[in-house]
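If you're matching them up, the sequences are chains W and G in order.
Reading the first sequence from the start, the letters are residues 1 to 254 in the working numbering.
Reading the second sequence from the start, the letters are residues 1001 to 1369 in the working numbering.
These notes are about the structure you will find just below.
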Amino acid sequence: MTLFKAENLAINFGGVKAVDGVNFEIKQGECFTIIGPNGAGKTTIFNLISRIYDSTEGTMTFDGQDITKVPPHAIASLGIARTFQNIELFEHASVLQNLLVGRHCHSRTGMFSELLFLPSVRQAEVAHREKVEDIIDFLDLQHYRDSMIMNLPYGVRKVVELGRALCTEPKLILLDEPSSGLNVEETQDMSFWIDDIKKDLGITVLMVEHDMGLVSEVSDEVLVLNYGRMLAHGSPQEVQNDPEVIKAYLGEQE
Amino acid sequence: MRFLFKTDYNQDIRIAKHSGYYWSYGLLLLIVFAAPFFLEGYYIGQLTQLYIVAIAGVGLMLLAGYTGLVSLGHAAFFGIGAYTEAVLTGNGIPLPFVEEPVVFSFFISMPVAAIFAALAGVAIGIPVLRLTGIYLAIATFAFALVIEEILSRWESVTNGYSGLLVESLYVGDMELTDGPPFYFLCLGMLLLVLLFSINLLRSPTGRAMMAIRDSEISAQSMGVNLAQVKTKAFALSAGITGLAGALFAHKLGFLSPESFTIFQSLELLVLVVVGGIGSLHGAIFGAIFVLALPQGLAIMKDYLPVTIAETPGIEPFIFGLILVLVIIFEPYGIYGRWLKIKLYFQMFPVYKKATFKRQKAYMKSERLK
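Here it is, written out as structure tokens:
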């Protein structure tokens, strides 16, 4: 079953065609990876899906619904969550508060009942907290629950950001370079978690990644971009042996 | 050191996190409630003034400290609240189908004053939502100038520069807007505003505000409607400041547009920064600072050489100097220093200076849009 589909997706910044006629389909429950050299338009595709950018052309369908014109804050409640390449956490808040913001798209309390902190608000808070605790257990973050983000090392922040995205209970999670800046051991942990997200939580994963070891370990399908265009598409092995891909990364042999 | 053993999620939601809160804040409450029975009239007046400024400070803190939207125009909301209160409780306003002009009791007039200011907040909030940082500050600054001008020119309502007398409020025979009764009114309002703010900050809307402050882009992808939450923050902040204005009107007893100038806005901003940005404690500490400093300077003048003490502009100079020093050496203001002192005694004798060393800020995503 197709969960997400991009048809003829394109965006121009002035004369630069950052993404140019990209087509792909993500099946329910798979791990789909986008790779490509720097500036290929990988993160731009993420920003298109999370509706930070307006596409110049093409359509995106998610779960049977056209999301090409949905406002950016509505994306989370549809079931798409994301992480960022350079960690966008709320620095002056604790890990717990960050994860609770991830529950924002599920909160239904009005501002006036919050000002009075009515029993309904308290109940909702406890219910959110229970969901958050599940994610804390899943990612082994118990130790950091009350730490401020600004005091945490880079590797932990990366995990917290993943946790915040999981707290929205997404159907599709977008991971922008989940292993960047992590050491070998942390990358290994990350690959286990991505596998668990896919298999245990049943969440479809779309990721951008440079570490080919991680890519071939966890992905089912790989899309290669170069200068905003599709270069190749297939299983990790197929893509790695594709002469066009080798040319894009390593150049041509004399 | 106190170690908290948590067994219930409600422990993190509760306002009083542990028994120490009951002791320290209970003692503080006891002192402020007993104060008017022991102090002279002058000091009661000063404390009342402190509570009013603190209410306005909490209002701006919610906007500048928690939502990250710096406003240079809060004197405008302060003024709108004050004038609304004065007009409603004073001459009375003519209503259709009613013979006599209607004079409102403060139960109605104060909420109305706050709501008027909140509506003004929404009115300015919606058009300037797309602005951030310095641009937002300039837009709100312009708004404050407009309001100041309206207050001085709309003479049929505000009496312009000749000023507007504010009627005292009575409950039975007791004058409510003077001495201890007014003290308790202001104290009650401050406690109410603080309670509402604390409630908001431990709920989804409050967290959304902090999320916007720290990273708009990721707040948005977590489902926070930026325009909606920013408008709410603006309305709430303006409403609270308007309420402070309404109380201020009775404190002064006489309103003129000169009381609501840009200097008032700046003073509120100094309050927020020096008190400690991003904490409600900071709003209180800041209010104490803003009120105590001019008095402290006046006392200090007696001990300075005449040539320095009589130099014109020495007071704004010292005011500015302290602001600069605070921003450089104590970015989290008086409350930040308070936390350090508290930790020093909690950890004694193993306090480490490094605990509060500013950590490395990792690179943020390139500006989107």
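Glycine residues also receive a C-beta, built at the ideal position from the N, C-alpha and C atoms.
### Minimum C-alpha distance to Ile173/W - residue among Leu116/W, Ala76/W, Ser235/W and Phe90/W
Nearest to Ile173/W by alpha-carbon distance, out of Leu116/W, Ala76/W, Ser235/W and Phe90/W, is Ala76/W.
### Message
Taking the alpha carbon of Arg51/W as the reference point, which residue from Asp140/W, Ile11/W and Leu214/W has its own alpha carbon closest?
### Response
Its Cα nearest to that of Arg51/W, the residue Ile11/W stands out among Asp140/W, Ile11/W and Leu214/W.
### Rounded C-alpha distance that separates Phe1248/G from His1074/G
Taking the straight line from one Cα to the other gives about 14 angstroms.
### Of the listed residues Thr1084/G, Pro1349/G and Phe1345/G, nearest to Leu1401/G (C-alpha basis)
Chain G is shown only over 1001 to 1369; residue 1401/G falls outside these bounds and no answer can be derived.
### Query
In whole angstroms, what separates the C-alpha of Leu1268/G from that of Phe1260/G?
Approximately 11 angstroms, taken between the alpha carbons.
### Query
For Leu1293/G, which of Gly1313/G, Gly1278/G, Phe1319/G and Gly1276/G has the nearest alpha-carbon?
From the listed residues Gly1313/G, Gly1278/G, Phe1319/G and Gly1276/G, the smallest Cα separation to Leu1293/G is found for Phe1319/G.
### Task
Report, in whole angstroms, the separation of the C-beta atoms of Val257/W and Gly41/W, which I expect to be a contact under 8 angstroms.
Residue 257/W lies beyond the residue range present for chain W, which begins at 1 and ends at 254; the question has no answer from this structure.
### Query
What three-state label does DSSP hand Pro1276/G in the structure shown?
A quick correction: the sequence has Gly, not Pro, at residue 1276/G. Helix at Gly1276/G.
### Integer-rounded CB distance, given that Tyr1009/G should sit under 8 angstroms from Arg129/W
Contact holds; Cβ gap of about 5 angstroms.
### Task
Name, please, each residue of chain W whose Cβ falls closer than 9 angstroms to the Cβ of Tyr1009/G.
By Cβ distance, chain W contributes Glu125, Val126, Arg129, Glu130 and Glu133.
### Query
DSSP puts Phe65/W in a beta bridge; with which residues?
Residue identity check: residue 65/W is Gln in the sequence provided, not Phe. In the DSSP output, where bridge partners are listed per residue, Gln65/W has Phe62/W.
### Task
For the alpha helix (DSSP H) containing Cys1186/G, list its first residue and its last residue.
DSSP places Cys1186/G inside the alpha helix (DSSP H), whose first and last residues are Gly1179 to Leu1201.
### Message
Rounding to the nearest angstrom, what Cα-Cα distance links Leu225/W and Glu244/W in this structure?
### Response
Spanning the two alpha carbons is a distance of roughly 11 angstroms.
### Query
Between the region 1039-1051 of chain G and the region 1204-1219 of chain G, do three or more beta carbon pairs fall short of 8 angstroms?
Between the region 1039-1051 of chain G and the region 1204-1219 of chain G, the count of Cβ pairs shorter than 8 angstroms is below three; the stretches do not touch.
### Message
Can you check whether the C-beta of Gly1223/G is within less than 7 angstroms of a C-beta belonging to chain W?
### Response
Yes - at least one Cβ of chain W is within 7 angstroms of the one on Gly1223/G.
### Message
Do Gly1275/G and Phe1263/G have their beta-carbon atoms positioned less than 7 angstroms apart in this structure?
### Response
Result no, Cβ atoms of Phe1263/G and Gly1275/G do not sit closer than 7 angstroms.
### Query
Smallest Cα separation from Arg150/W: which of Ile136/W, Val215/W and Asn98/W?
Correcting the residue identity first, residue 150/W is Met in this sequence and not Arg. Here the closest residue by C-alpha is Asn98/W.
### Query
According to the Cβ coordinates, are Thr2/W and Met207/W closer than 7 angstroms?
In this structure, Met207/W does not lie closer than 7 angstroms to Thr2/W by Cβ.
### Task
Indicate the three-state DSSP secondary structure (helix, strand or coil) for Gly79/W in the structure shown.
Coil, per DSSP.
### Task
Report the rounded CA-to-CA distance for Ala6/W versus Arg229/W, giving the unit in angstroms.
Looking at the backbone, the Cα of Ala6/W and that of Arg229/W are separated by about 13 angstroms.
### Per-residue burial, Trp193/W [other beta carbons within 10 Å of its own, 16 or more giving buried]
Classification of Trp193/W: buried, given that the 10 Å Cβ count is 16 or more.
### Exposed unless 16 or more other CB atoms sit within 10 angstroms - verdict on Arg82/W
So Arg82/W counts as buried.
### Query
Excluding the five sequence neighbours on either side, which residues of its own chain have a C-beta within less than 6 angstroms of the C-beta of Gly21/W, listed in chain order?
Asn8 and Ala10.
### Query
Mapping DSSP to helix, strand and coil, what is Ile26/W?
Under the three-state reduction of DSSP output, Ile26/W falls in the strand class.
### Message
Going residue by residue through the region 192-248 of chain W, where are the continuous beta strand (DSSP E) segments of at least 3 residues, counting only ones entirely within it?
### Response
If you keep only unbroken beta strand (DSSP E) runs of at least 3 residues inside the region 192-248 of chain W, you get 204-208, 221-226 and 229-234.
### Task
With DSSP as the reference, label Ala18/W as helix, strand or coil.
Strand.
### Contact belief for Gly1068/G with Arg1213/G at Cβ below 8 angstroms, rounded distance in angstroms
That pair is a contact at about 3 angstroms.
### Member of Ala1114/G, Phe1106/G and Arg1014/G whose CA lies at the smallest distance from the CA of Ile1198/G
The shortest C-alpha separation from Ile1198/G is found at Arg1014/G.
### Query
Between the region 1122-1129 of chain G and the region 1233-1243 of chain G, do three or more beta carbon pairs fall short of 8 angstroms?
Verdict: yes, contact present.
### Query
Does the beta-carbon of Val184/W have 16 or more other beta-carbons within 10 angstroms, so that it is buried, or is it exposed?
Val184/W is exposed by the Cβ-count criterion.
### Residue range of the beta strand (DSSP E) that includes Lys1340/G
In the DSSP assignment, Lys1340/G falls outside any beta strand (DSSP E) and within the unbroken alpha helix (DSSP H) covering Gly1333 to Met1347.
### Task
Select from His73/W, Glu177/W, Pro170/W and Asp211/W the residue whose C-alpha is nearest the C-alpha of Ile197/W.
Selected option, being the one with the closest Cα: Pro170/W.
### Message
Do Met1222/G and Val126/W count as a contact pair if the criterion is CB distance below 7 angstroms?
### Response
In this structure, Met1222/G does not lie closer than 7 angstroms to Val126/W by Cβ.
### Query
When the cut-off is 7 angstroms and only beta carbons count, does Met207/W lie next to chain G?
Not a single C-beta of chain G is nearer than 7 angstroms to the C-beta of Met207/W.
#### Entry: Residues that DSSP places opposite Thr33/W in a beta bridge
Met207/W and Val222/W.
### Query
Should Ala93/W be flagged as near chain G, meaning a C-beta pair shorter than 7 angstroms?
It does; some Cβ of chain G falls within 7 angstroms.
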